[in-house]
Amino acid sequence: MRIRNLLAVTMLTGIYSLVVAVLFVLMDAPDVALTEAAVGAGLMVILMLGTIALTTQEERRHRVRHNLLALVVVAITGAALIYATLDMPLFGDPEAPAHAHLSPRFTQESPEEIGIPNMVTSVLASYRGIDTLGEAVVVFAAAVGVLLVLGSGSVRGRRAKTAARSRQEDETP
Amino acid sequence: MNRYIVLRVVSGLMIPMILIFAFYVQFHGEYSPGGGFQAGIVFTAAFVVYTLLYGLDAAQKAIPPEAAHALSAIGVLLFAAFGFASMFLGGNFLEYKVLLPNDQAGETFGIIGIELGVGITVAAVGLTLFYSFAGRRSEE
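For the protein sequence lines, the chains are A and B, in the order given. Counting along the first sequence from 1, when you hit position 36 you're at 36 in our numbering, and nothing is skipped either side. Counting along the second sequence from 1, when you hit position 127 you're at 127 in our numbering, and nothing is skipped either side.
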């Protein structure tokens with residue numbers, strides 16, 4: 001079954017993000033859930049809708065060619081990934097390396113050291129400050145990239161509007 | 001959108017709430033879930049709702065695209081400034097505890113500062129992306 005209506009696909013993506021956000025809340029990660037809900041279900045859907053408004057709502061039909069080699073590659077890769085998960089510690093396992101080495105240090109000493117109760121914030125902003133700085137730079141780079149490709153909406157819109165206005169003025173007399 | 005009076009009235013009540021929630025997520029991030037990134041996105045969402053109802057021109061009158069471009073750089077620079085400030089005060093890059101005489105207070109001050117930088121950047125970048133997509137006319 002395939003949906004060719006891109007509007008419906010965008011809506012489904014947003015719903016998926018909301019469901020995942022609920023899942024994050026259930027796993028006691030409200031910080032991540034807040035981000036997922038705001039970005040995945042909010043801003044991303046809006047940007048997709050904007051793109052659909054500019055382009056088209058229906059996906060073009062292509063003739064589907066079956067590629068056996070691709071199927072084999074996908075099957076092997078999937079099997080390898082599933083095999084790799086067997087090595088991972090169980091979900092919530094207190095003996096897992098991440099819980100045995102790093103967590104005690106952060107959960108027990110960060111309120112003393114940093115003085116704020118939200119450990120996620122202390123890890124993000126203080127212990128891993130350079131990571132977060134890099135993230136901010138990446139977000140900034142995204143804006144620069146979009147501006148380079150699409151241009152600033154305002155300038156173009158204004159130009160188009162003034163052009164339309166002068167055209168109208170040409171036509172009215 | 002003049003016809004949808006229910007939408008206009010309800011969103012008129014909602015948008016200030018969303019903005020206040022964004023500031024709450026920003027400045028209460030040390031105690032509750034959230035921080036600069038989430039706050040910035042929520043702030044952008046309020047503007048998206050505003051644009052959907054009142055049009056792009058009204059939104060761009062409130063925050064011009066040029067201001068959004070400048071702010072997205074200012075946020076990153078504010079973040080980096082905290083890093084360099086702690087370097088000049090004798091610590092490592094982004095070692096906030098040297099910023100104030102008390103170690104804990106310095107760390108908290110630094111975290112609030114860089115979260116503000118992240119929030120400004122994310123909100124401005126979100127607005128920039130939205131303006132770029134919404135401001136483009138269809139090629140036809």
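Glycine is no exception: its CB is placed at the ideal position from the N, C-alpha and C atoms.
Take R156 (chain A) and list the residues in its own chain whose beta-carbon comes closer than 7 Å to its own, dropping the five residues that flank it on each side.
Unreliable positioning characterises R156 (chain A) in this predicted model, as indicated by a pLDDT of 47, which lies under 50. A coordinate reading is not provided.
Closer than 7 Å, Cβ to any Cβ of chain A: which residues of the region 35-46 of chain B, in chain order?
G35, F37, Q38, I41, V42, T44, A45
Anything in chain B within Cβ reach of I114 (chain A), meaning under 8 Å, just list it in chain order.
Q104, E107, T108, I111
Who are N5 (chain A)'s beta bridge partners in DSSP?
A:E58
Identify the continuous alpha helix (DSSP H) that holds I114 (chain B) and give its terminal residues.
103-134
For M17 (chain B), which three-state DSSP category applies?
helix
In the DSSP assignment, the alpha helix (DSSP H) including M119 (chain A) goes from what residue to what residue?
119-122
Would S46 (chain A) pass as an interface residue toward chain B - the criterion being a Cβ-Cβ separation below 7 Å?
Residue identity differs from the one stated: residue 46 (chain A) is Ile in this sequence, not Ser. With 7 Å as the cut-off, I46 (chain A) counts as an interface residue toward chain B.
I63 (chain B) - containing alpha helix (DSSP H), residue span:
Run containing I63 (chain B): none; DSSP gives neither H nor E here.
Of all Cβ atoms in chain A, is any one closer than 7 Å to the Cβ of L79 (chain B)?
Note on residue identity: the sequence assigns Phe, not Leu, to residue 79 (chain B). Cβ-Cβ to chain A under 7 Å: yes for F79 (chain B).
Chain B beta carbons: is any one of them nearer than 7 Å to that of D131 (chain A)?
no
If V98 (chain B) and G36 (chain B) are in contact, beta carbons under 8 Å, what's the gap, nearest whole angstrom?
With 8 Å as the limit, V98 (chain B) and G36 (chain B) do not qualify as a contact, their Cβ atoms being about 22 Å apart.
Out of B:T108, B:E115, B:Y54, point me to the one whose CA is closest to F5 (chain B)'s CA.
For the sequence presented, residue 5 (chain B) should be read as Ile rather than Phe. Nearest C-alpha to I5 (chain B): B:Y54.
What residues of chain A sit near F84 (chain B), judged by a beta carbon separation below 8 Å?
Here the premise fails: no neighbours, minimum Cβ distance about 11 Å.
According to DSSP, simplified to helix, strand and coil, what is V64 (chain A)?
coil
Which runs of the alpha helix (DSSP H) at least 4 residues long sit entirely within the region 61-109 of chain A? Give them in chain order.
68-85
Below 9 Å on C-beta distance, what does A100 (chain A) contact in chain B?
In chain order: nothing, as chain B lies at least about 25 Å away.
For A84 (chain A) and D28 (chain A), the rounded distance between their alpha carbons:
26 Å
Chain B residues whose Cβ lies nearer than 9 Å to that of G42 (chain A):
I41, V42, T44, A45, V48
Go to P30 (chain A), then tell me how far its alpha helix (DSSP H) extends in each direction, as first and last residue.
30-35
Leaving out five residues on either side along the sequence, give the residues of the same chain with a beta carbon under 7 Å from the beta carbon of L123 (chain B).
It should be pointed out that residue 123 (chain B) corresponds to Ala in this sequence rather than to Leu. Cβ within range, chain order: G40, F43, T44.
Got a sec? Which residues, its chain only, sit under 7 Å from S72 (chain B) by beta carbon, not counting five neighbours each side?
T121, A124, V125, T128
Does DSSP put F93 (chain B) in a helix, in a strand, or in coil?
coil
Let me know the secondary structure DSSP gives R128 (chain A) once reduced to three states.
coil
Pop quiz: V82 (chain B) and I114 (chain B) are said to be a contact at Cβ under 8 Å. What is the actual Cβ separation, rounded to whole angstroms?
Checking the sequence shown, residue 82 (chain B) turns out to be Phe, not Val. Yes, F82 (chain B) and I114 (chain B) are in contact; Cβ-Cβ is about 5 Å, under 8 Å.
Any chance you could list the beta strand (DSSP E) runs of at least 3 consecutive residues sitting entirely within the region 31-62 of chain B, in chain order?
none
At least one CB of chain B closer than 7 Å to the CB of G14 (chain A): is that the case?
no
Determine, for I146 (chain B), whether the minimum Cβ-Cβ distance to residues of chain A falls below 7 Å.
Nothing about residue 146 (chain B) can be reported from this structure: the residues present for chain B run from 1 to 140 only.
On the criterion of 16 or more Cβ atoms from any shown chain inside 10 Å, does D31 (chain A) qualify as buried, or is it exposed?
buried
Quick one: any contact between the region 95-110 of chain B and the region 108-127 of chain A, if contact means 3 or more CB pairs under 8 Å?
yes
In chain order, what residues of the region 120-131 of chain B put their CB closer than 7 Å to some CB of chain A?
T121, V122, V125, G126, T128, L129, F130, Y131
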